[in-house]
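Contents: one structure, followed by commentary.
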Amino acid sequence: MRVLLTGAAGFIGSHVRRALDAAGDEVVAADLMLSAAHGPGAEAPDGVRRVDVRDPEAVAELLRGVEVVCHQAAVVGAGVSAADAPAYASHNDLGTAVLLAAMAEAGVRRLVLASSMVVYGEGQYRTADFAPALPAPRRREDLDRGVFDHVDPHTGDALDWVAINEDSPLRPRSLYAASKVAQEHYAGAWTAATGGTVTALRYHNVYGDDMPRDTPYSGVAAIFRSALEAGESPRVFEDGTQMRDFVHVRDIAAANLAAIHRPLTGFVPLNIASGIPIGIGEVAELLAAAHGGKAPVVTGEYRPGDVRHIVASPERARAVLDFNAAVAPAAGLTEFATAPLRTACGTGAPEWR
Ligand SMILES: NC(=O)c1ccc[n+]([C@@H]2O[C@H](COP(=O)([O-])OP(=O)(O)OC[C@H]3O[C@@H](n4cnc5c(N)ncnc54)[C@H](O)[C@@H]3O)[C@@H](O)[C@H]2O)c1
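What the sequence shown shows, in this note's numbering, is residues 99 to 451, in sequence order.
This is the structure:
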């Protein structure tokens, strides 16, 4: 099958490309080689065409003979300031819109979209007597005095987390998250307008070989790894019991392969996760032990935009794609503790003009 893979030189795109090659698919690989991701003046890897997905003529050319588009290209990370908003809107949303228009023009009807757990914003919670709860964002005065859990306003008890499913409301809490929600909305509307199909893979916390190093735009696994490499303790925010789902990049590649090879109907969002929740403190401990580095320090600091818990239900991806993560977090994080990181260093703030 001939597949257009955007973002093919990125962390996840490189793994998807290898998986497609191994499966015998014909890959048209494209990437803009943004300096925010690869450092200034980076060359495209062999076989990757330097193309901006916001360029309609270049994208039309790439789409010749393509059956499925696997769209990984994006500016990533939580965003550092409001100055990043145009970069997220431009690369992620205009880029997706240009791609969708070109696909309709070329008669390419299937898209696999890299989405993210950040589209949910908050996780899903329940009270002690199992009633669903939709808490408001945490208050700064509570966080300042070390009260990190959401509480039941009636009883004052901490709310428990529940694995989030794909029907949960989308409440983006960062500029990046807003751009990922918009990508999904454009893609969903495109299926209605064209009869095309979109499988939106909502990756949870991805980690693995060749992950980018620590920048203000990095995820927590890269931040902990970079601290350990510098001979420092990983610094764990809040009390370390905040829960996430860490999914290995090989499993992300496998989920993309499954989605590419399995046409679904309409717009189908799917959590892509290990299905084994883990606390952030435990992630730091596993990495530190396996790296042979300094023990983590739980600092009690917090970032106002962070959510307390977000844990995925992997059930729908299991049912519709037959996808089951192969790498459990304990084994995967142990391997990641000494895995190679991306050699090139991104410049941080993304350019967009
Ligand atoms: N890494 C994660 O934890 C994670 C989690 C959830 C979702 N995602 C999503 O997965 C996808 C891949 O992320 P990643 O972690 O590999 O990031 P990455 O930065 O390593 O890769 C993204 C690639 O997209 C390219 N790119 C950006 N704008 C482009 C444009 N206009 N035209 C062509 N190429 C462009 C960049 O040069 C880069 O190589 C993104 O869509 C991201 O939102 C990642």
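Just so you know, even glycine gets a beta-carbon here, dropped at the ideal spot from N, CA and C.
Measuring only the C-alpha atoms, how far is residue i from residue j?
i: R333; j: D404; result: 15 Å
i: G294; j: V196; result: 15 Å
i: L198; j: E330; result: 45 Å
i: A442; j: A142; result: 12 Å
i: I262; j: A410; result: 5 Å
i: N369; j: A202; result: 26 Å
i: V125; j: I358; result: 12 Å
i: F365; j: V418; result: 13 Å
i: R348; j: G254; result: 42 Å
i: A351; j: L102; result: 15 Å
i: R451; j: L132; result: 11 Å
Less than 8 Å separating the beta-carbons of residue i and residue j?
i: A106; j: A128; result: yes
i: R323; j: L384; result: no
i: V149; j: L160; result: yes
i: G373; j: A325; result: no
i: D144; j: L273; result: no
i: T225; j: D250; result: yes
i: M309; j: A319; result: yes
i: A276; j: P267; result: no
i: L257; j: A234; result: no
i: A171; j: G205; result: no
i: A212; j: Y284; result: no
i: V296; j: W288; result: yes
When DSSP labels each residue in this structure, what does residue i get in the three-state scheme?
i: R348; result: helix
i: H169; result: strand
i: N369; result: strand
i: Y186; result: helix
i: R148; result: strand
i: Q222; result: strand
i: P230; result: strand
i: Y274; result: helix
Applying the criterion that 16 or more other CB atoms from any shown protein chain within 10 Å of the CB defines a buried residue, is residue i buried or exposed?
i: P367; result: buried
i: A393; result: exposed
i: T436; result: exposed
i: E336; result: buried
i: H136; result: buried
i: R401; result: exposed
Would you say the beta carbon of residue i comes nearer than 7 Å to a heavy atom of ligand 2?
i: R323; result: With respect to small molecules bound, the structure shown includes ligand 1 and not ligand 2.
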